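Below: one structure, written as structure tokens.
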Amino acid sequence: MTAIANDPPEIRRSWTQAARLFVRRQPLGTFGLVIVVVAAIAGLSAEWIAPYSPTANDFAAMTEPPSLAHWLGTDQFGRDLLSRIIYGARTALIIGFVSAFVGGFAGLVLGVGSAYFGGWIDLVLQRVMDILMAFPLIIMALAVVAIFGTGVQNVIAAITIPLIPRCARVVRASALAIREVPYIDAARTSGFGHARIILRHMVPNVVAPFLIMLTAFVGQAILAEASLSYLGLGVQEPTPAWGLMLQGGAEEYASTAPWIAIFPGIAIALTVFGFSLFGDALRDAIDPKLRER
Amino acid sequence: MTGAAVAARPLLEVRGLHMHFPISEGVLLRRQIGEVKAIDGVDFSVQRGETLGLVGESGCGKTTTGRCILQLEKPTAGSIFYDGVDINTLSRPEMLALRRRIQVIFQDPYSSLNPRMKVGDIIGEPIKVHGLVPDAGKRIARVRELLSVCGLDPSFADRYPHEMSGGQRQRVGIARALALEPEFIVCDEAVSALDVSIQAQVINLLEDLRERFGLTYLFIAHDLSVVRHLCQRVAVMYLGRVVELADCDELFDNPMHPYTRALLAAVPVPDPAIEAGRAFQPVRGEVPSPINPPSGCVFHPRCTMAVESCRQARPELRELRPGHWVACSQVN
């Protein structure tokens with residue numbers, strides 16, 4: 001085994017071992033993962049854990065500061081802030097995950113296809129991506145909402161479209177390297193179709209960087225949703241959404257009832273921070289150069 | 001062509017093959033500033049059932065020749081006839097049918113298998129795509145049979161490539177090539193990445209398979225001892241051209257082209273006493289760049305026999321003895 005041992009055998013670990021290693025080596029990433037899990041639990045089981053209905057008005061208890069009855073206080077319509085933040089997690093995660101996954105997968109297929117076909121297809125696709133990338137995410141999303149109107153579906157579309165080129169770029173770079181590998185030549189000499197080569201042979205081999213990017217995209221998408229809602233172009237009242245809560249609280253009650261704006265702000269910051277930390281840690285954990293130390 | 005060649009049509013015939021890769025510059029306005037002449041006029045033929053060795057140092061265009069035959073590159077000029085048909089004129093369905101008949105074994109057993117697929121799927125996929133064995137159960141049986149034909153335990157079908165050694169992986173690569181029941185296999189440095197002991201096993205396997213399935217090989221290699229063992233005829237390439245082509249024993253016993261002689265002289269003798277006493281004269285200089293190859297005979301800057309005319313006229317392959325073709329104006 002001298003001549004052929006040109007790369008070390010891949011080390012396969014069980015899931016539990018891998019998880020334990022991740023916790024030990026990536027304490028910040030674990031913190032991020034905990035935030036992500038807490039947000040996911042809140043979003044999934046909002047009906048059971050939220051103490052009040054997120055849309056129920058209690059005009060006897062408007063703009064109340066945090067108390068035992070309302071842990072995070074109430075807003076100007078007497079709605080319980082904690083309940084709205086819990087339900088808001090659902091809105092944020094639905095929009096975040098759907099946009100990140102749809103945009104991510106579209107970018108994955110476009111990026112791999114672009115690298116595989118090369119030539120003028122690659123050139124045209126990449127220039128279109130350049131044009132899309134020239135706009136900051138939020139400006140691009142604003143333009144899409146301006147064209148299609150507001151509402152959850154349109155917000156998802158508005159966030160998905162600018163994510164596509166960001167993903168396609170990164171995926172294309174990995175796919176360009178994969179395209180030159182002999183097993184792709186073997187697939188071509190076997191007479192496989194383009195779709196089979198792209199989906200069965202190239203996509204599975206660029207999936208590692210893609211998954212990491214997807215985690216970061218969820219955070220970005222949540223932030224974009226909050227920004228759009230804050231600007232009044234995203235989710236509309238009375239749907240509980242963090243950006244919307246921030247807007248309602250920050251404008252009139254910043255000095256008289258600051259908790260209305262502070263708590264949804266913390267929710268946004270923590271969740272986005274959590275996804276970023278987790279994504280970064282995942283990248284470091286998967287990168288073989290950083291793995292064995 | 002000789003009388004024998006007319007009687008038996010070659011399985012593969014390469015005529016005047018050129019493959020020039022453009023070198024371009026500039027981002028917006030791309031312009032071609034030159035070209036790499038990877039193959040610059042190559043002719044040879046392979047008879048059904050024989051093994052033709054294609055040898056030469058790295059960068060001489062032997063792999064590119066193989067890639068052109070496999071239709072992985074579109075040649076700049078020249079034609080490739082497979083079983084009498086020019087493969088550049090084929091329609092898509094005809095091409096697909098031809099792909100079944102020509103397969104490849106790659107050099108690197110690590111990068112030639114998709115790391116995300118199980119061995120059984122790697123071998124079974126071409127069978128499935130070409131509809132050779134439509135029934136899934138029978139297909140698994142066929143994959144297991146192919147594995148045992150290649151000297152692997154059929155249970156390897158459930159393994160991933162990373163769970164196997166280099167030699168085992170190379171056998172999987174061979175099993176994949178056999179899956180489509182081809183007649184012609186391009187072995188692109190098929191054993192040069194392997195350990196010497198494993199090399200011998202794989203060479204024996206290739207020989208057995210040739211007998212058993214009546215295969216024809218184009219054996220691309222730089223290891224001359226392997227070529228001598230396995231091939232019936234050998235073509236020597238230098239800088240994109242075939243400089244000598246002869247029967248294996250004839251070429252090794254009686255090399256005529258100065259480059260072939262230098263190449264054979266460079267093979268060490270496995271006896272230190274003889275090796276120490278041997279007068280060894282390495283070829284002078286470096287291989288010239290294929291971007292701007294020398295005029296006339298491409299070997300003339302390094303040749304000990306070169307005369308003035310070698311600088312101008314490009315020597316064509318001449319049949320100096322029956323079946324022994326040499327592209328050199330100075331030998332007779």
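Sequence order for the protein chains is A and B.
Everything in the first sequence is counted per this note's numbering, starting at 1 for the first residue and increasing by one.
Everything in the second sequence is counted per this note's numbering, starting at 1 for the first residue and increasing by one.
Even for Gly, the Cβ is constructed at its ideal location relative to N, Cα and C.
Since we're looking at a predicted model, the values are computed, not measured.
Rounded to the nearest angstrom, the gap between the Cα atoms of Arg-24(A) and Leu-33(A) is 13 Å.
Proximity of chain B to Asp-185(A) at the Cβ level (cut-off 9 Å) is accounted for by Arg-67, Leu-70, Leu-72, Val-104, Phe-106, Ser-112, in chain order. Inclusion of Pro-288(B) and Asp-40(B) in the CB contact set at 8 Å is not warranted, their separation being larger than that value. Excluding its 5 nearest sequence neighbours in each direction, Ile-197(A) has C-beta neighbours in its own chain below 8 Å: Tyr-116, Ile-184, Ala-187, Arg-188, listed in chain order. Closest option to Met-140(A), judged by alpha-carbon separation, among Leu-163(A), Gln-126(A), Trp-120(A), Val-124(A): Leu-163(A). Counting only Cβ-Cβ distances below 9 Å, Val-218(A) has no contacts in chain B at all, with the closest Cβ about 24 Å away.
As the crow flies, the alpha-carbon of Glu-73(B) is around 39 Å from that of Pro-270(B).
Distance between Ser-225(B) and Ala-262(B), taken at the CA atoms: about 15 Å. Gln-107(B) has its alpha-carbon roughly 58 Å from the corresponding atom of Leu-233(A).
Apart from the 5 residues on each side of it in sequence, Asp-83(B) sits with its Cβ closer than 7 Å to the Cβ of Leu-11 in its chain, given in chain order. Contact with chain B is absent for His-194(A), since none of that chain's Cβ atoms lies less than 8 Å from the residue's Cβ. Within the segment 21-38 of chain A, not one residue has a Cβ closer than 9 Å to any Cβ of chain B. Secondary structure of Phe-219(B) (DSSP, three-state): strand. The segment 64-80 of chain B makes no contact with the segment 271-279 of chain B: fewer than 3 CB pairs, one atom from each, lie closer than 8 Å. Taking every protein chain shown into account, the CB of Asp-253(B) has fewer than 16 other CB atoms within 10 angstroms, so this residue is exposed. Counted as a single uninterrupted DSSP element, the beta strand (DSSP E) harbouring Tyr-238(B) occupies residues 233-238. One finds Asn-114, Pro-115, Arg-116, Met-117 in chain B with Cβ atoms closer than 9 Å to the Cβ of Pro-204(A), taken in chain order. Listed along chain A, no residue sits closer than 9 Å to Arg-139(B) by beta-carbon distance, the nearest being about 15 Å off. Per DSSP, the continuous alpha helix (DSSP H) segment holding Glu-211(B) begins and ends at 196-213.
From the listed residues Gly-151(B), Tyr-217(B), Ala-193(B), the smallest Cα separation to Pro-182(B) is found for Tyr-217(B).
Residue-level contact by beta carbon fails for Arg-101(B) and chain A, as no gap is shorter than 8 Å. Out of Glu-286(B), Ile-198(B), Asp-247(B), the CA that lies nearest to the CA of Leu-239(B) is found in Glu-286(B). Closer than 8 Å to the CB of Val-133(B) there is not a single CB belonging to chain A. Secondary structure at Leu-90(B): coil, using DSSP grouped into helix, strand and coil. Not a single CB atom of chain B sits nearer than 8 Å to the CB of Arg-172(A). Chain B has a Cβ within less than 8 Å of the Cβ of Val-181(A). For Ala-157(B), the closest alpha carbon among the candidates Val-186(B), Gly-124(B), Glu-319(B) is that of Gly-124(B). DSSP places Leu-317(B) outside both helix and strand once states are collapsed to three, so it counts as coil. The C-beta distance from Thr-215(A) to Leu-282(A) rounds to 6 Å, short enough to fall under 8 Å. For Leu-180(B), the chain A residues whose Cβ falls inside 9 Å of its Cβ are Ser-190, Gly-191, in order along the chain.
Following the DSSP letters along the chain, one finds Lys-138(B) inside the alpha helix (DSSP H) bounded by residues 136-149. Going by beta carbons, Thr-91(A) and Thr-239(A) fall inside the 8 Å limit.
Take Ala-175(A), set aside five residues on each side of it, and the residues of its chain with a beta-carbon closer than 8 Å to its own are Gly-111, Val-112, Ser-114, Ala-115, Tyr-116, Met-202, Val-206, in chain order. Excluding the 5 residues flanking it on each side, Ala-60(A) has same chain C-beta neighbours closer than 8 Å at Gly-78, in chain order. The Cβ neighbour count for Pro-165(A), taken over all protein chains shown within 10 Å, is at least 16; the residue is labelled buried. Ala-134(A) and Val-170(A) have their C-alpha atoms roughly 16 Å apart.
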